[in-house]
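Trainee: Chains as they are written, first to last, in numbering that gives the first Met the number 0: chain S, 0 to 140; chain R, 0 to 140; chain L, 0 to 140; chain A, 0 to 140.
All residues carry an ideal CB built from backbone N, CA and C; glycine is no exception.
Given the structure is predicted, the values throughout are model-derived calculations rather than measurements.
The structure's right below; bear with me while I get my questions together.
Protein chains: 4
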Amino acid sequence: MKFNTDFDYKERVIQIFEQNHFGKHLHFKFHKIEAGRVSGEMPLINEHLQQDGFAHGGIILAISDLVAGLAAYSITPPPFRVLTAEIKVSHLRPGVGDKLIGYGYVLKRGKNLHFCEAEIFCGTPQKLIAKASTIMAVTKG
Amino acid sequence: MKFNTDFDYKERVIQIFEQNHFGKHLHFKFHKIEAGRVSGEMPLINEHLQQDGFAHGGIILAISDLVAGLAAYSITPPPFRVLTAEIKVSHLRPGVGDKLIGYGYVLKRGKNLHFCEAEIFCGTPQKLIAKASTIMAVTKG
Amino acid sequence: MKFNTDFDYKERVIQIFEQNHFGKHLHFKFHKIEAGRVSGEMPLINEHLQQDGFAHGGIILAISDLVAGLAAYSITPPPFRVLTAEIKVSHLRPGVGDKLIGYGYVLKRGKNLHFCEAEIFCGTPQKLIAKASTIMAVTKG
Amino acid sequence: MKFNTDFDYKERVIQIFEQNHFGKHLHFKFHKIEAGRVSGEMPLINEHLQQDGFAHGGIILAISDLVAGLAAYSITPPPFRVLTAEIKVSHLRPGVGDKLIGYGYVLKRGKNLHFCEAEIFCGTPQKLIAKASTIMAVTKG
C-alpha cells in the first residue's frame, strides 16, 4: 500500500521519535522510513526476557506499538498527532534471539482513525514471532 | 470470580515473578495475590513516557500483560506454564501520574487456555486508563 | 458506569433498531434500555448453529456487535451516528441453549470514540459464553 | 504461506461446511480451497444491512469467522476439530455492494492453536472493507 504525503514524512517520523523517551529507552534504531511504512530493530537484552528466557510479551507489545505508531505518523502531518486507541498482538512463536526487528504499516488511512498493523521478527533465520493490529486515533495536538 | 486451587498460589506467583527479568526491570511491586486475581503497581518514570508526556502505550501493554499473566499463573500449578497467546489493550484515557496500578484476573479457566483481563489505573484520583483482554495458553514446561 | 444524557435515549435506541434490518432479522428483543447499557435476547434457532451443534461464532459476534452498538447509541444524540470500528470477541464456552442473552455497555464515552463491551449468556443456568471489547466511532450522519 | 497436509483437505473443508447450518444459511459459496487458505462469497441481501444501508457488522463478522475457520479446518485432519477461541475484526470501510467476498488463511499452524486471518472485500471495484485476526483452538472431537 502506497500513500501520498505533501510533507517531509521522514523528518516527521524522526522528530516524533526523538521526543519519545520510551522508544529511545529501548534503543530502537530505524531501518527504513517510507510513507505508511516504518521498520527498525531493538536489541533483546537480558532485562527484556521473561521466566522461560523468551522475549517478554511486554517488550514485543512495546515494539509493535512503536513501529505501528511511527508508521501512522509518517502519513499524519502537523499539527495532527496520533494516539493508540487499541492494539491486539498475537504471539505466534516464542522470541529467541539477540534482537527484535519490527515492521509497522498503515492498512487504511482515515481522517480520524488510521488502521495499522505490525510484524515482529526474531532469530536466525528470522521468524515472524508476533503480529499486531491496531487503531491509531488522530488528534489535533 | 473465585477459583479453587490445591497448591500455594501465592508462592507460585512470587516464584514466577522472581524469574521474570522484565517485570523486575519495571520495578513492579505486588499489592495483593489471590487465586485468579493479582494486583500491583509500577512507578511511571521519565523513560516510560511518549512524546506527549503520557505513559507510553508500550509500558501500559507491558503491565497489562504482566498482571494478566501472573493472575493466570495463580491458578496454574507446576509443571504447567503459561504463555500469552494474544492480548488486546484498549487505551481509554491518556495516562498521567507517577505510577501505574494494575489488576489482572481470570475470566475463565481452561485446560489449555485461560481467558484473562486486566485493568490499568493511573492518576489522582485514580482513573481507568486501559483495559486488556487476553488468552493465556497453558503449556507443559 | 452511569451516563447523563439530555435526549430521550430509549426512543433513540428503539428508533435506530427499527432501521436495522439485521437486528430484526435475528428476532432480537429488548430486555432493558438504560443510558450506556442495553440488554436483550434472540432465539437460537437451527440456522444459527455450527457443525458441533453449538451457537455459531458468527451469530455470537452478531449479537455482541448489536448490543454494544445499541449501548453506544444510547449515549449518542442525533445528528451523530455510530459505526463499529473494531470488535474483539472471546468465546469462553460453547453456546448451548435455546436463546442468547446479550448485555452491551459503554466503558468510556468520547467525542470521537466510544469504548464498549458486551457479555453474552446462554443456557440454563445462564453461563457467560462470550465477552466482547469494541471501539465505536462517532460520525456525523 | 504453504502448508503440507497428508489428508484430502478439500473434502475435509466441504464436509465441515455441509454440517454448518449457519454457513449454509448465509448462502456462502466457495471460490477456492487450498491447504491453509479458503475463499468464497455470500450475497449481501437486505436482511444483512444496518441502519445506514451498509453491510451490518455482524454479517461481516460472520463471514470473517467462517472463512478463517474453514482455512483452519483445511490443515486440521480428523478426528481433530476447530473452535474459534477469539476473533478481532477491524472495519476499514463501510460495506456497500451486492456480495461479500472473503479470504481466510492460516498464519501459523500449531498443535493446540492455529493463528488465522481473514480479509473481506465488497463493491465494484472490490475494496478491502474488513480484516480479521483470530485464534482457532484445536480440540479432539
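Three or more C-beta pairs under 8 Å: does that hold for the segment 54-64 of chain S against the segment 18-28 of chain R?
Mentor: They touch, by the three-pair rule.
Trainee: Along chain S, in chain order, which residues have C-beta atoms closer than 9 Å to that of L82 (chain R)?
Mentor: Position 83 of the second sequence, counting from 1, holds the residue named residue 82 (chain R). Neighbours of L82 (chain R) on chain S, chain order: Q49, D51, F53, G56, H90 and P93.
Trainee: May I ask you to report which of helix, strand or coil DSSP gives A67 (chain S)?
Mentor: For the purposes of this step, residue 67 (chain S) is identified with residue 68 of the first sequence, where counting begins at 1. A67 (chain S): helix per DSSP, three-state reduction.
Trainee: Applying a beta-carbon distance threshold of less than 8 Å, which residues of chain R neighbour A136 (chain A)?
Mentor: Along the fourth sequence, one-based indexing puts residue 136 (chain A) at 137. Result: N111 and L112.
Trainee: On the three-state DSSP scale, how would you describe R80 (chain S)?
Mentor: The residue you call residue 80 (chain S) lines up with position 81 of the first sequence. In the structure shown, R80 (chain S) sits in a strand (DSSP, three-state: E or B).
Trainee: How about F2 (chain S): is its C-beta nearer than 8 Å to some C-beta of chain R?
Mentor: As a first step, residue 2 (chain S) is located in the first sequence; it is residue number 3 there, counting from the start. So, not an interface residue.
Trainee: Just the chain A side, please: which residues come within less than 9 Å of L106 (chain S) by C-beta, in chain order?
Mentor: For this step, residue 106 (chain S) is matched to residue 107 along the first sequence. S89, L91, L127 and K130, listed in chain order.
Trainee: Residues in the same chain with beta-carbon distance under 8 Å from I74 (chain S), minus the five sequence neighbours each way, listed in chain order, please.
Mentor: As a first step, residue 74 (chain S) is located in the first sequence; it is residue number 75 there, counting from the start. Counting only Cβ-Cβ distances below 8 Å, and skipping sequence neighbours, we find F2, T4, Y8, A34, G35, V105, R108 and H113.
Trainee: Along chain R, which residues have their Cβ under 7 Å away from the Cβ of L65 (chain S)?
Mentor: Counting from one through the first sequence, the residue named residue 65 (chain S) turns up at place 66. Simply G57.
Trainee: Using a Cβ-Cβ cut-off of less than 7 Å, give me the residues of the segment 12-36 of chain L that come near chain A, in sequence order.
Mentor: Cβ contacts with chain A: I15, Q18, N19, H20, F21 and H24.
Trainee: Does chain S have any CB closer than 8 Å to the CB of E46 (chain L)?
Mentor: Counting from one through the third sequence, the residue named residue 46 (chain L) turns up at place 47. No, its Cβ sits nowhere closer than 8 Å to a Cβ of chain S.
Trainee: Should E116 (chain A) be flagged as near chain R, meaning a C-beta pair shorter than 8 Å?
Mentor: Locating residue 116 (chain A) in the fourth sequence gives position 117, counting from the first residue. False, the Cβ-Cβ gap to chain R never drops below 8 Å.
Trainee: Taking C-beta to C-beta, are H90 (chain R) and E85 (chain S) nearer than 8 Å?
Mentor: Stepping through the second sequence from its first residue, residue 90 (chain R) is reached at position 91. Stepping through the first sequence from its first residue, residue 85 (chain S) is reached at position 86. For H90 (chain R) and E85 (chain S), yes; Cβs fall inside 8 Å.
Trainee: Between I86 (chain S) and chain R, is the shortest Cβ-Cβ distance under 8 Å, so that the two count as touching?
Mentor: Counting from 1 along the first sequence, the entry for residue 86 (chain S) is found at position 87. For I86 (chain S), the answer is yes, since a Cβ of chain R falls inside 8 Å of its Cβ.
Trainee: Taking the alpha carbon of K126 (chain R) as the reference point, which residue from R:L65, R:P76, R:G101 and R:V37 has its own alpha carbon closest?
Mentor: Residue 126 (chain R) sits at position 127 when you count from the first residue of the second sequence. Nearest of R:L65, R:P76, R:G101 and R:V37 to K126 (chain R), Cα basis: R:G101.
Trainee: Can you tell which of L:F79, L:T83 and L:C121 has its C-alpha closest to the C-alpha of G96 (chain L)?
Mentor: Counted from its first residue, the third sequence places residue 96 (chain L) at position 97. Considering only alpha carbons, the answer is L:C121.
Trainee: By Cβ distance, which residues of its chain are closer than 8 Å to G94 (chain L), with the 5 residues on each side in sequence left out?
Mentor: Position 95 of the third sequence, counted from the first residue, corresponds to residue 94 (chain L). Cβ neighbours of G94 (chain L) beyond the five flanking positions: L43, F53, A54, I59, I119, C121, G122, I128 and A129.
Trainee: How is the beta strand (DSSP E) around E118 (chain S) delimited, first residue to last?
Mentor: For the purposes of this step, residue 118 (chain S) is identified with residue 119 of the first sequence, where counting begins at 1. Segment L112 to C121, the beta strand (DSSP E) holding E118 (chain S).
Trainee: For T75 (chain A), write down the residues that DSSP places opposite it in a beta bridge.
Mentor: Numbered from its first residue, the fourth sequence carries residue 75 (chain A) at position 76. DSSP output for T75 (chain A) lists no bridge partner at all.
Trainee: Does any CB atom of chain L fall closer than 8 Å to the CB of A61 (chain A)?
Mentor: Indexing the fourth sequence from 1 puts residue 61 (chain A) at position 62. It does: the Cβ of A61 (chain A) has a partner Cβ on chain L nearer than 8 Å.
Trainee: Quick test of your reading: L99 (chain R) and E40 (chain R), contact by CB under 8 Å. State the CB separation rounded to the nearest angstrom.
Mentor: Within the second sequence, the letter at position 100 stands for residue 99 (chain R). Within the second sequence, the letter at position 41 stands for residue 40 (chain R). Indeed, because the Cβ distance is near 6 Å, the residues count as touching under 8 Å.
Trainee: Quick check on DSSP: helix, strand or coil for F29 (chain A)?
Mentor: Position 30 of the fourth sequence, counted from the first residue, corresponds to residue 29 (chain A). Strand.
Trainee: Please name the residue in A:E10, A:A61 and A:T138 whose C-alpha comes closest to that of P78 (chain A).
Mentor: Locating residue 78 (chain A) in the fourth sequence gives position 79, counting from the first residue. It is A:T138 whose Cα lies nearest to the Cα of P78 (chain A).
Trainee: Please report the distance separating the alpha-carbon of P76 (chain L) from that of A117 (chain A).
Mentor: As a working note, residue 76 (chain L) is residue 77 in the third sequence. As a working note, residue 117 (chain A) is residue 118 in the fourth sequence. Near 34 Å, if we compare the C-alpha coordinates of A117 (chain A) and P76 (chain L).
Trainee: Taking DSSP as the reference, what is the three-state secondary structure of G56 (chain S)?
Mentor: The sequence position of residue 56 (chain S) within the first sequence is 57, counting from 1. Three-state result, G56 (chain S): helix.
Trainee: Per DSSP, what kind of secondary structure is I62 (chain S) in: helix, strand or coil?
Mentor: For the purposes of this step, residue 62 (chain S) is taken as residue 63 along the first sequence, with counting starting at 1. Reduced to three states, the DSSP call for I62 (chain S) is helix.
Trainee: Can G103 (chain A) and A61 (chain A) be called in contact, C-beta distance under 8 Å?
Mentor: Residue mapping note: residue 103 (chain A) aligns to position 104 of the fourth sequence, counting from 1. Residue mapping note: residue 61 (chain A) aligns to position 62 of the fourth sequence, counting from 1. No, these two residues do not count as a Cβ contact at 8 Å.
Trainee: Give the range of the alpha helix (DSSP H) segment to which I100 (chain R) is assigned.
Mentor: Translated into the one-based positions of the second sequence, residue 100 (chain R) becomes position 101. Where I100 (chain R) is concerned, there is no enclosing alpha helix (DSSP H), although the beta strand (DSSP E) it sits in stretches over K98 to K107.
Trainee: If I measure Cβ to Cβ from V12 (chain S) and keep anything under 7 Å in the same chain, skipping five residues before and after, which residues do I get?
Mentor: Indexing the first sequence from 1 puts residue 12 (chain S) at position 13. Contacts found: I32, V37, L69, Y72 and S73.
Trainee: Drop a sphere of 10 angstroms on the beta-carbon of H47 (chain A), count the other beta-carbons inside from all chains shown, and report buried for 16 or more, exposed for fewer.
Mentor: As a working note, residue 47 (chain A) is residue 48 in the fourth sequence. It counts as buried.
Trainee: Alpha carbons only, please: which of R:F6, R:L25 and R:Q49 is nearest the one belonging to D64 (chain R)?
Mentor: Indexing the second sequence from 1 puts residue 64 (chain R) at position 65. Cα-wise, what sits closest to D64 (chain R) is R:L25.
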